[in-house]
Ligand SMILES: [Fe+2]
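Numbering (this note's numbering), first residue to last: 1 to 321.
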């Protein structure tokens, strides 16, 4: 914690450095251009320094999620700037499920996350309960089982353009699994960086607008979902790097064999990245992120405590200003 706080000032200063357009601190609109090597190298160096400084940072303590203090906000945003995600821990707990939903929306709203996704499994408050569903439309769909979920970013099957997709998310732990259920996290900007360092042609293939296709399917509420095609890496309308990805092998079509090979290369880099964060969330803890890469280990729970996580997804990113 101390190391992290000692670096907080630098990280906060970097907020304006990274996100401002046209300054001399490293970020520029062409940082992700494959043709502009100088801009890329400047951004790359800053990114690696930030990732190192925020490595293994403990959750930011939040006294009251309905009213985030300026210091709490600074600490949390410093992590987001460095790694595109922040872990947090609420010091108080809501009294019931409706209150939990209210708190989640107030908390995410204080970080500018307001463009809520209209998810088919969301309750009336717009919150999805990630729990084991033994009956009803959700039964059998992997998020609602206790099975392992492979590396992915959320909403990879629901991409409708660079700024009409899932870009922000909160995943809040309501009850810990009695066994298993750990998550691994990786900043998608680091995944991009590793691939660009090791195989630029693979990166080009994964930026193709038709790189990854999710075939049509019937969703968990019985509704038809059309075929969904798009890139793996792309820039949104603010110039932010965004990722649409799943490591699952079934129900995914790659554009061609070369693109499939690029995806295999990417997965190997993700799996071996030294910055992969491993954690098991405790009740009251959670993840606030710009839709970073994550997975979930399979889990077991005691009877009647199957509800584990609450999730809200957004079409916008965390507001760092
Ligand atoms: Fe997910």
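The beta carbon of each residue, even a glycine, is placed where N, CA and C say it ideally should be.
Residue 295 in three-state terms, based on DSSP = strand
Proximity of residue 130 and residue 289 at Cβ, strictly below 8 Å = no
Paired residues, beta bridge with residue 88 - DSSP = 60 and 286
Is it the case that the Cβ atoms of residue 172 and residue 286 are separated by a distance below 8 Å?
-> yes
Residue 18 versus residue 83 - alpha carbon distance = Here residue 18 scores only 43 on pLDDT, less than 50, and its place in the model should not be relied on; the value that follows carries that caveat. The straight-line gap from Cα to Cα measures roughly 12 Å.
Between the C-alpha atoms of residue 29 and residue 86, what's the straight-line distance to the nearest angstrom?
-> 24 Å
Which residues mark the beginning and the end of the alpha helix (DSSP H) in which residue 108 is found?
-> 97–109
Answer yes or no: do residue 296 and residue 174 have a C-beta to C-beta separation smaller than 8 Å?
-> no
Option in 143, 98 and 68 with minimal Cα separation from residue 91 | 68
Should residue 269 go down as buried or exposed, given a rule of 16 or more other Cβ atoms within 10 Å for buried?
-> buried
Straight-line gap, residue 124 to residue 56 (C-alpha atoms, nearest Å) = 36 Å
With distances taken between CB atoms, is the gap from residue 240 to residue 317 smaller than 8 Å?
-> yes
Provide the residue(s) that pair with residue 225 in DSSP beta bridges, ordered along the chain.
-> 217
For the alpha helix (DSSP H) holding residue 124, just list the boundary residues, first then last.
-> It is not in any alpha helix (DSSP H) - residue 124 carries neither H nor E in the DSSP assignment.
Does DSSP put residue 179 in a helix, a strand or coil?
-> strand
Using a Cβ-Cβ cut-off of 7 Å (strictly less than) and excluding sequence neighbours within five positions of residue 104, which residues of its own chain qualify?
-> 127, 170, 172, 310 and 312
Host alpha helix (DSSP H) of residue 261 (start-end) | 257–272
Beta carbon of residue 180 nearer than 8 Å to that of residue 298 = yes
What three-state label does DSSP hand residue 147 in the structure shown?
-> coil
Helix, strand or coil at residue 253 according to DSSP, with G and I counted as helix = strand
Inter-residue spacing [alpha-carbon to alpha-carbon] between residue 88 and residue 145 | 25 Å
Determine the direct distance from the alpha carbon of residue 152 to that of residue 107, and round the result to whole angstroms.
-> 24 Å
What are the boundary residues of the beta strand (DSSP E) that residue 188 is part of?
-> Looking at the DSSP string, residue 188 is not in any beta strand (DSSP E); the run it does join, the alpha helix (DSSP H), is 188–198.
Own chain, CB closer than 6 Å to residue 119, minus 5 neighbours either side, in chain order | 128
In chain order, what are the residues with a CB under 6 Å from some non-hydrogen atom of ligand 1?
-> 152, 154 and 294
What is the DSSP secondary structure of residue 83, counted as helix, strand or coil?
-> helix
Is there contact here, the region 224–238 with the region 200–216, by at least three beta-carbon pairs under 8 Å?
-> yes
Rounded C-alpha distance that separates residue 274 from residue 292 = 16 Å
Quickly, what does DSSP pair residue 130 with across the bridge? List them, please.
-> 309
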